[in-house]
Structure formats: C-alpha cells, structure tokens
Amino acid sequence: MDASDWIKGIFFSVMASFIGAASKLAIRKSWLIEEDAQQASSYQGPILEYINPSNDQTGSSVDDGLIIGNNPNEALLRGSEDEDIGPCLECPERHTRVSTREGDDTIPLLGESTPLLSRTNCRKCCCCTRSMFGCCYCCSLARFLRFCGMMGMTFVNPAFSLLAMKYATPSILAPFSGLTLVWVIVFSQPLVGEVPSLEQKIASALIVMGEVTVAVFGDHTNEDDATCASVKASYGEGPFVAYFLGLAVYMALITIWIRNCPAMPTLRQFAWGTSGGALTGLAQCFIKDSLVIVSACKGSSSSTLWILPFFIFLAIASSFGGLLFLTATMKRYDATYSAAMFVGSFVVSTSLMSLAHYHTFDHLGGIVDLVMYPMGLFILMLGVSILIHCSGSSVPNRDYPGDINDPSREPLTQRDHLAAGDVDQPFFYEEPETDDEPSTEAADNQVGTEDLELVSRVDEWPGLDLTRQRFTSSTTSQSSQLTNTPSGSQFPLRQNRNLGF
Numbered sequence: 001m002d003a004s005d006w007i008k009g010i011f012f013s014v015m016a017s018f019i020g021a022a023s024k025l026a027i028r029k030s031w032l033i034e035e036d037a038q039q040a041s042s043y044q045g046p047i048l049e050y051i052n053p054s055n056d057q058t059g060s061s062v063d064d065g066l067i068i069g070n071n072p073n074e075a076l077l078r079g080s081e082d083e084d085i086g087p088c089l090e091c092p093e094r095h096t097r098v099s100t101r102e103g104d105d106t107i108p109l110l111g112e113s114t115p116l117l118s119r120t121n122c123r124k125c126c127c128c129t130r131s132m133f134g135c136c137y138c139c140s141l142a143r144f145l146r147f148c149g150m151m152g153m154t155f156v157n158p159a160f161s162l163l164a165m166k167y168a169t170p171s172i173l174a175p176f177s178g179l180t181l182v183w184v185i186v187f188s189q190p191l192v193g194e195v196p197s198l199e200q201k202i203a204s205a206l207i208v209m210g211e212v213t214v215a216v217f218g219d220h221t222n223e224d225d226a227t228c229a230s231v232k233a234s235y236g237e238g239p240f241v242a243y244f245l246g247l248a249v250y251m252a253l254i255t256i257w258i259r260n261c262p263a264m265p266t267l268r269q270f271a272w273g274t275s276g277g278a279l280t281g282l283a284q285c286f287i288k289d290s291l292v293i294v295s296a297c298k299g300s301s302s303s304t305l306w307i308l309p310f311f312i313f314l315a316i317a318s319s320f321g322g323l324l325f326l327t328a329t330m331k332r333y334d335a336t337y338s339a340a341m342f343v344g345s346f347v348v349s350t351s352l353m354s355l356a357h358y359h360t361f362d363h364l365g366g367i368v369d370l371v372m373y374p375m376g377l378f379i380l381m382l383g384v385s386i387l388i389h390c391s392g393s394s395v396p397n398r399d400y401p402g403d404i405n406d407p408s409r410e411p412l413t414q415r416d417h418l419a420a421g422d423v424d425q426p427f428f429y430e431e432p433e434t435d436d437e438p439s440t441e442a443a444d445n446q447v448g449t450e451d452l453e454l455v456s457r458v459d460e461w462p463g464l465d466l467t468r469q470r471f472t473s474s475t476t477s478q479s480s481q482l483t484n485t486p487s488g489s490q491f492p493l494r495q496n497r498n499l500g501f
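Below, the structure written as structure tokens:
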C-alpha cells in the first residue's frame, strides 16, 4: 500500500469526521429553531389573554383586544371579523399600526417596529398558524436541517468511513473520529450560537486524547482469512453473548432513568448522553463482519449469502436507533455536550464489543499496549465524567427538575412557571384563605395589585418591548371590573380557547 493510498484514507477519514460534526450541528440547530419559534408564539398568547380576559358576569367579552396608551379604560380594542388587522409577530412584513373601529386614525403599537397582535386575529398572513410552531417557514427549515443531519449520520458518514477503511488501517483512521468533537467546538458558536464553556473544552480535549491513545495502542489486526462459517460461529461465543445481554440490560436501565427519574437530572442527563453511542457501538461489528462476508464469500454458493443482507439490516437498524437517541439528546442539551457524550459512549461500547467479539487483548503487541490501551479508556471516561458534572449554565436546556405529577412535590405557582419558562402551563392566581371575608372594595384592590405586579413582569419577557407607563393606576379599577371574582378562590387567567395552548 503506497503513500497515495494512505493520503486517500486520511482524507476520507477527515471528511467523515467533518460530515459527522456538520450533521450533529444541523440536528441541534433544527431544535433551536423550533424552540425559538415556539417561544415567540407562546409569549404572545399569555400576555394578550392577561390584558383582555373575558367578563363572564356581564356577558361581554374582550377576546382579542389590546390595552394601548396611558388610559386602559379608553383604549380597549376588540377583535372583529370585519376589522383590518395587519400581520402577526412572526410575519416578515411587520406593520406598526392598526386601524381602530371608530375611524381611520392609527395607533402605534409597542414603539415603532414591534407589533403585538394575537394569532387568532391574523387573517392576511399565510405563514401564521395555530400549531405549536408560529411560522411555517421556520418549521420547514427545522425539518429540512434535521433531515439533512439524519441523512448525513445514516448514509454519508458511514460511506466515507468505509472508503477510508479501504485505503488505510484502523490504527491511522481511528484517531480522526475524535475530530468530530473538534469541529463541533470550533463551529458551535458561529452556527448554533452556543459558546462551549472551559469545562466542556477540557473534557472534549480529554476525550480526544483518550481516543487517540486507544487508536494507537489498540488492536490493529485485520482478519483477512476469515470465512462465513467463522463469522457465524463468532456470534455464538460466550463473551459476545454476555456483551449483547449486558447492552440490552443497560439500554433497559437507560429507558427507565429517562422516563421515571425526573427528580434526578444528573442521572437523566447521563442516560440521554450515552444512549445513542452505546447502541451505535453494537452496529460496528455488523458493519465489519459484512465487509468480511463480502470478501470471504466470493465464488461461494448463493445459499450462504443469505446472512449478508441480514447483517446489513442489523447494522442499519442499530445505527438508526442510536441516531434517534442522539437526535432526542440534542433536543434537550447543547451540541458540545451531546456530541462528546455520543462519541465517548460510542468508543467505550465499541471497545467492549471488540474485546468480546474480536479478542482485542489477544492481539496486543506487548506490555506497552496492555498498559496504554486501558489508560486511553480511562482518560476518555475522565472527560465524560467532567462533562456530566458541568455547571447548569453550560447545559441550558436541562430537563425540568421534578415531575409535576409527583404528589410529594409542592404545587407550582404561576411565578414558578414563569421563572422556569414554562409558558405552556395555565396560570392560576392563588389567594391566601382568610377567616374574615374582605369587603368587595378590598378584594378588588387586592386583585388589581396582583394584576399590576404580574403585568410589570412583562418587561422582563424576551422579545417584547412593553413599558410600565402603559399600565397606570387606573389598571386597578379596570382589572377589578374585568375580574370581578370573590376572594379566596382560584380563577384561571386563560379565557380565550383559540390560542392553541
């Protein structure tokens, strides 16, 4: 094998790592686009509902109105079918004015550039929907990016890896699998807007170092003299059966941790991170044995080739299952953490599979390999452990701690939901129960004070430019008219059922 073949092998291996990183970043970017679109549409609904709740006692309703100006009593705009309403917040053509029902005068909404219009009032825009995504373009772009990422991980990356193995040995090509993490760290900030923390950079460097050590001092034996009978017999050996059963038990534990351990975020984070790589590591034996069968069964009878499509099916199924877990992980955690955990668990799973299926330690060269090969695995696991214990700021999309249906936990208030960013939950006012029944005037003032306090928090919501001067002291009397509810009870803030919650 001459120098040109080595260069070709290295080139295809580098391209495989680059495609793998690009696919992971595309999957992560697709989830971020959907999350931004969902938050943009979700922030709109609760504010409009709060400002204009329906008045069930008087029989009148203010379903889609807006409080505009300094006097809320004179600036309630009600939605109407024949009213000329401009496009919504997600539309590309953002109008800054809306016609009133009394005349042709226009009233500016939220300054000079940002409209605040309910999605139910948008009748001119074709991209405004009532689904969980506010913009069809964003939804289509997210699906396209996710499709490209899954195609790259399922077909393009394995194809380049097979081409690389054709021209070079695994001892040269294996270290380049760690380049995937390098590409993710380099392009994470410009492509997906996520800045890797110092802990993540150190952990990723340790993972790459461990992979290089495993690749250099690991088993470099290629079984050129293998036959179809020996390949089939290797799957009945005790070590491989033990590895397969152990992997099945581990995947069952991962499923239990993900579904039934919401109060343990670290354990759940570890389960999500290692699920895809552990399952994908199993696919490597099927891929390698498929290549062995193709070369060993040339000229054999067709009756012995039935095992080849079966092995190819197992390889594709295992790889696709690991890809589904990786996609779900990138929905919840940042790209650096997801890619590093996937690569780390993939190398560990592949190493254990090679130890059980290909007898790695029997093929090591000497004492140096026997020491450095486990040392490389230890360095890799050290990097994985650092990633697990990273601070919460480096993993912004951590699952919500605790199960909301757990009877042992305290009930969440509307402020807890707002602080957690859980705008999909209905908001309820919880007023303390008192022995003495307060007067009607005192109850109205109390409701108005709470309303004003919650409205003042609108300024802290991202993407909105509301000012407190729109809600003056007259909000107290206005809110008492709109929410004339006895004290000591709970009444839902949401009244409009057409906002898609």
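Reminder that position 129 of the sequence shown reads as 129 in UniProt numbering, one-by-one numbering, no gaps. For each residue, glycine too, the CB sits at the ideal point set by N, CA and C. Since this is a predicted model, take the numbers as computed values, not measurements.
Would you grab the beta carbon distance between residue i and residue j for me? Rounded to a whole angstrom, and I think it's under 8 angstroms.
i: residue 280; j: residue 346; result: 5 angstroms
i: residue 349; j: residue 277; result: 6 angstroms
i: residue 376; j: residue 210; result: 5 angstroms
i: residue 8; j: residue 167; result: 4 angstroms
i: residue 164; j: residue 16; result: 6 angstroms
i: residue 326; j: residue 200; result: Their Cβ separation, rounded to whole angstroms, is 17 angstroms, which puts residue 326 and residue 200 out of contact at 8 angstroms.
i: residue 319; j: residue 329; result: So it is not a contact: roughly 15 angstroms between Cβ atoms.
i: residue 32; j: residue 192; result: 6 angstroms
i: residue 297; j: residue 228; result: 5 angstroms
i: residue 13; j: residue 219; result: Not confirmed; about 18 angstroms, so no contact.
i: residue 335; j: residue 146; result: So it is not a contact: roughly 13 angstroms between Cβ atoms.
i: residue 234; j: residue 363; result: Rounded, the Cβ-Cβ distance is 14 angstroms, inconsistent with contact.
i: residue 148; j: residue 37; result: Contact doesn't hold; Cβ gap of about 18 angstroms is too wide.
Once DSSP output is grouped into helix, strand and coil, what is the label at residue i?
i: residue 148; result: helix
i: residue 218; result: coil
i: residue 365; result: coil
i: residue 31; result: helix
i: residue 236; result: coil
i: residue 197; result: coil
i: residue 373; result: helix
i: residue 357; result: helix
i: residue 180; result: helix
i: residue 213; result: helix
i: residue 131; result: The predicted model places residue 131 with a pLDDT of 44, which falls under 50 and marks its position as unreliable; any figure quoted below should be read in that light. In this structure, residue 131 counts as coil in the three-state DSSP scheme.
i: residue 136; result: helix
i: residue 26; result: helix
i: residue 228; result: helix
i: residue 13; result: helix
Rank the options by C-alpha distance to the C-alpha of residue i and give the top, closest one.
i: residue 182; options: 381, 161, 390 and 22; result: 22
i: residue 216; options: 366, 385 and 30; result: 366
i: residue 154; options: 382, 258, 239 and 24; result: 24
i: residue 19; options: 309, 142 and 160; result: 160
i: residue 158; options: 332, 363, 286 and 381; result: 286
i: residue 308; options: 356, 292 and 241; result: 292
i: residue 382; options: 144, 344 and 40; result: 344
i: residue 380; options: 185, 213, 176 and 37; result: 213
i: residue 502; options: 231, 152 and 271; result: For the chain, the structure presents residues 1 to 501; residue 502 sits outside this window and is missing.
i: residue 257; options: 249, 268, 248 and 188; result: 268
i: residue 253; options: 270, 359, 389 and 313; result: 270
i: residue 323; options: 244, 207, 275 and 389; result: 275
i: residue 162; options: 11, 341 and 261; result: 11
i: residue 238; options: 359, 389, 311 and 321; result: 359
i: residue 341; options: 208, 143 and 263; result: 208
i: residue 351; options: 368, 321, 331 and 373; result: 373
At least one CB of chain C closer than 9 angstroms to the CB of residue i: is that the case?
i: residue 354; result: Here there is only one protein chain, and chain C is not present.
(message) Which complete alpha helix (DSSP H) runs does the region 257-339 hold, if anything under 4 residues is left out?
(response) 265-296 and 307-332
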